[in-house]
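Visitor: Have a look at the structure that comes next, please.
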């Protein structure tokens, strides 16, 4: 849907010409970004001097995509002020928290993104939990979050649970005294602020004076606190556009609000509820298949394929694999299909719910949850070497930098981001050095022979590159681990790169291979009956992943569920073929 070929539908015109607040439901490939761009064009044409538009989303990837489109259309001034383009979190921080500081602290407020990863250990032998496992208000343990860290609160005595709560609250108190705030604390502070009538009224007036409209994109990614803040923005009298697809809500781990969104939509008058239907991205077969990943109660009909691939009859391909784990043959088979279709593997990811299953399908080393420093370094090196996108690259660079700081003895009891904020070092100074080290540490079987060889080379390189404090050596801090061989295994040449479902959200590719695992049986149970509800988000993840594909959709499935998956996906007429691998 380029600027030249854009011929808007009646639904699209209704959205970008609508003045005032609106709740906009958009299906995958409905041209949402194009519509938001046209809305921006109309707003900027008549905007008064000193006023702007706020464009918010919930992931940096979505923000970058929208900002790039607005700049391509020459709609954003440079500098952006008085407009604002950023994540919802950054908006809340900048306008509702940073100017006022942390409650009960006179220290200058600092946003520390990894506060939630700080360790809580009430006594020496206690199982370590991260601060994100505790309610920022009451200190109560979030049971599911704790279980993911290997700690089951239900089996522990009340006295021990109280020790954890006390330790978590004391840590938060110390952080608050320093003005250090994570995103959970930022939201709590913002909500506290808007509940103070006089302060709330003044902030709302200031925002309304600056922004003619606030656009909240990808609203399905918000949580209850975010939704409360969005409601406040709208109810304060500002024009607020809320754009979402509730079926793409895949952030339950941070309090996703799928059902709350449906209820929130009902608070808008009928004339403010808009729809964007019709898929301008995918083939008709893909549209029919992805509709079957919606819950049975709200499945409806498949979206009409309206884009350049609407007449493409390529079937959905299911790769049926044996065994309990995902094999590397998935990636090799997908690569063969890409060659047959004339699609460059660079633009065709293997997409999975976890890094482990995606890496397995691509034949790459599988990430672990190991806290062993040498394994963490090896995994950062591997991620950097086989990065599937900018997010993977930056994540690997940051993780490697954190490990290098640990080796040099700079972090002490501080988190990585605490150190960065307090030291004030410029990323332009340290990042090139870290990238150089990551490149030098890339595992090469010809050079290193095996994991022992890599370990020796890594210690030698880092001994020359780093200055270690405290009288320790690199050898003492970067010890051998028998799992290193797995972390450094080479990936097959003829395989696409793995990406997580969360990392490709909002993107589109000529082809996608979606990896499913043994959980597929329970997911299909949910899609057929609506039960168990605990599998609803996993079904939405498959919906998100599959809807990224333009021409070729491939799904890897356990052999026991392949036929069942084929039958389900063909429910609205999609043509499916199964290949055993």
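Numbering (this note's numbering), first residue to last: 5 to 585.
Just so it is clear, CB atoms sit at the ideal spot from N, CA and C, and this is done for glycine as well.
Need the endpoints of the beta strand (DSSP E) that residue 278 sits in, please.
Guide: For the purposes of this step, residue 278 is taken as the residue at position 274 of the chain shown. Residue 278 -> beta strand (DSSP E) spans 277–280.
Visitor: Give a yes or no on contact between the region 19–31 and the region 179–199, applying the rule of three or more CB pairs nearer than 8 angstroms.
Guide: Output reads no: the region 179–199 does not touch the region 19–31.
Visitor: Would you call residue 453 buried or exposed, if buried means 16 or more other Cβ atoms sit within 10 Å of its Cβ?
Guide: Position 449 of the chain shown holds residue 453. Its Cβ having fewer than 16 others within 10 Å, residue 453 is exposed.
Visitor: Helix or strand or just coil, what does DSSP make of residue 283?
Guide: On the chain shown, residue 283 is found 279 positions in, with the first residue counted as 1. DSSP places residue 283 in strand when its eight states are reduced to three.
Visitor: Could you give the C-beta distance for residue 91 and residue 61, rounded to a whole number, given that I count them as a contact under 8 angstroms?
Guide: Working through the chain shown from its first residue, we reach residue 91 at position 87. Working through the chain shown from its first residue, we reach residue 61 at position 57. The Cβ separation is near 6 angstroms, so the contact holds.
Visitor: If we ignore side chains and look at the alpha-carbon of each, how far apart do residue 524 and residue 548 end up?
Guide: For the purposes of this step, residue 524 is taken as residue 520 along the chain shown, with counting starting at 1. For the purposes of this step, residue 548 is taken as residue 544 along the chain shown, with counting starting at 1. If I take the Cα positions, the gap works out to 15 angstroms.
Visitor: Please classify residue 386: does DSSP put it in a helix, a strand, or coil?
Guide: Position 382 of the chain shown holds residue 386. Here residue 386 sits in helix by DSSP.
Visitor: I believe residue 502 touches residue 555 by the beta-carbon criterion, under 8 angstroms. Please report the beta-carbon distance rounded to the nearest angstrom.
Guide: Translated into the one-based positions of the chain shown, residue 502 becomes position 498. Translated into the one-based positions of the chain shown, residue 555 becomes position 551. Not a contact, Cβ separation roughly 20 angstroms.
Visitor: Under 9 angstroms, do residue 272 and residue 30 count as touching if we go by C-beta distance?
Guide: Position 268 of the chain shown, counting from 1, holds the residue named residue 272. Position 26 of the chain shown, counting from 1, holds the residue named residue 30. No.
Visitor: Less than 7 angstroms between C-beta atoms, sequence neighbours within five positions excluded: which residues of the same chain meet that for residue 473?
Guide: Looking up residue 473 in the chain shown gives position 469. Excluding residues within five positions, the ones whose Cβ falls inside 7 angstroms are 412, 413.
Visitor: Measuring CB atoms only, is the region 417–426 touching the region 444–462, in the sense that at least three cross pairs come out at less than 8 angstroms?
Guide: Touching, no, given that fewer than three Cβ pairs across the two stretches are closer than 8 angstroms.
Visitor: Can you find at least 3 beta carbon pairs, one from the region 112–124 and one from the region 135–149, that sit closer than 8 angstroms?
Guide: Flag = yes, the region 112–124 and the region 135–149 touch.
Visitor: I'd like the list of long-range same chain contacts for residue 559, defined as Cβ closer than 6 angstroms, with 5 residues on each side in sequence excluded.
Guide: The sequence position of residue 559 within the chain shown is 555, counting from 1. Correct list, in chain order: 322, 518.
Visitor: Can you tell me whether residue 595 is helix, strand or coil according to DSSP?
Guide: The displayed coordinates of the chain run from 5 to 585. Any statement about residue 595 would go beyond what the structure contains.
Visitor: Could you tell me which residues DSSP puts in a beta bridge with residue 567?
Guide: Against the chain shown, residue 567 aligns to sequence position 563. Paired residues: none, contrary to the question.
Visitor: Roughly how far, in whole angstroms, is the beta-carbon of residue 116 from the beta-carbon of residue 538, given that I think they are within contact range, below 8 angstroms?
Guide: Residue mapping note: residue 116 aligns to position 112 of the chain shown, counting from 1. Residue mapping note: residue 538 aligns to position 534 of the chain shown, counting from 1. 33 angstroms between Cβ atoms; not a contact.
Visitor: Identify, in the order they occur along the chain, each residue of the same chain with its Cβ nearer than 6 angstroms to the Cβ of residue 11, setting aside the five sequence neighbours on each side.
Guide: For this step, residue 11 is matched to residue 7 along the chain shown. Here the set comprises nothing.
Visitor: For the beta strand (DSSP E) that contains residue 50, what are its first and last residues?
Guide: Here the question's residue 50 lines up with position 46 in the chain shown. Here residue 50 belongs to no beta strand (DSSP E), and DSSP marks it neither H nor E.
Visitor: For chain D, find out if any of its Cβ atoms is closer than 9 angstroms to the Cβ of residue 147; answer yes or no.
Guide: Judged by its chain identifiers, the structure shown contains no chain D, having just a single protein chain.
Visitor: With distance defined between alpha-carbon atoms, name the residue in 520, 487, 372, 540 nearest to residue 562.
Guide: By one-based count along the chain shown, residue 562 stands at place 558. With distances taken between Cα atoms, residue 562 lies closest to 520.
Visitor: According to DSSP, which residues form a beta bridge with residue 557?
Guide: In the chain shown, the residue the question calls residue 557 occupies position 553. DSSP, once it has assigned bridges, lists 516 as partnering residue 557.
Visitor: Provide the residue span of the alpha helix (DSSP H) that contains residue 291, from first to last.
Guide: Here residue 291 refers to the residue found at position 287 when the chain shown is read from its first residue. Looking at the DSSP string, the run of the alpha helix (DSSP H) that includes residue 291 is 288–295.
Visitor: Give the DSSP-derived three-state secondary structure of residue 27 in the structure shown.
Guide: For the purposes of this step, residue 27 is taken as the residue at position 23 of the chain shown. DSSP places residue 27 in strand when its eight states are reduced to three.
Visitor: Just the C-alpha distance for residue 296 and residue 225, rounded to the nearest angstrom, thanks.
Guide: To locate residue 296, count along the chain shown from 1; it is residue 292. To locate residue 225, count along the chain shown from 1; it is residue 221. Distance between the alpha carbons of residue 296 and residue 225 is about 21 angstroms.
Visitor: Count the other C-beta atoms from every protein chain shown that fall within 10 angstroms of the C-beta of residue 241, then say buried if there are 16 or more, exposed otherwise.
Guide: Residue numbering aside, residue 241 sits at position 237 when the chain shown is read from its first letter. Its Cβ having fewer than 16 others within 10 Å, residue 241 is exposed.
Visitor: Can you tell me whether residue 573 is helix, strand or coil according to DSSP?
Guide: Along the chain shown, read from residue 1 onward, the residue named residue 573 stands at position 569. Looking at residue 573 - three-state DSSP - the assignment turns out to be helix.
Visitor: Mapping DSSP to helix, strand and coil, what is residue 350?
Guide: As a position in the chain shown, residue 350 is number 346, starting the count at 1. Looking at residue 350 - three-state DSSP - the assignment turns out to be helix.
Visitor: Does the Cβ-Cβ distance between residue 69 and residue 511 come in under 9 angstroms?
Guide: Taking the first residue of the chain shown as position 1, residue 69 is located at position 65. Taking the first residue of the chain shown as position 1, residue 511 is located at position 507. Going by C-beta atoms, residue 69 is nearer than 9 angstroms to residue 511.
Visitor: Counting pairs of Cβ atoms below 8 angstroms between the region 329–348 and the region 357–373, do you hit three or more?
Guide: Touching, per the Cβ criterion.
Visitor: According to DSSP, simplified to helix, strand and coil, what is residue 439?
Guide: Position 435 of the chain shown, counted from the start, is the residue given in the question as residue 439. Helix.
Visitor: Going by beta carbon distance, what residues of the same chain come within less than 6 angstroms of residue 370, once the five residues before and after it are set aside?
Guide: The residue you call residue 370 lines up with position 366 of the chain shown. Contacts found: 360, 363, 364.
Visitor: Considering residue 248, what are the terminal residues of the beta strand (DSSP E) in which it resides?
Guide: Numbered from 1 along the chain shown, position 244 holds the residue referred to as residue 248. That run of the beta strand (DSSP E) goes 244–248.
Visitor: Between residue 295 and the ligand ATP, is the CB less than 8 angstroms from at least one heavy atom?
Guide: Judged by which ligands are present, the structure shown has none, so any question about the ligand ATP falls away.
Visitor: Quick one: complete alpha helix (DSSP H) runs, 4+ long, within the region 112–152?
Guide: DSSP runs (the alpha helix (DSSP H)) wholly in the region 112–152: 147–152.
Visitor: Below 7 angstroms CB to CB, which residues in the same chain sit around residue 461 once its five sequence neighbours on both sides are set aside?
Guide: Residue numbering aside, residue 461 sits at position 457 when the chain shown is read from its first letter. The answer, listed in chain order, is 452.
Visitor: Using three-state DSSP, classify residue 333 as helix, strand or coil.
Guide: What you label residue 333 is simply residue 329 of the chain shown in a count that begins at 1. In the structure shown, residue 333 sits in a helix (DSSP, three-state: H, G or I).
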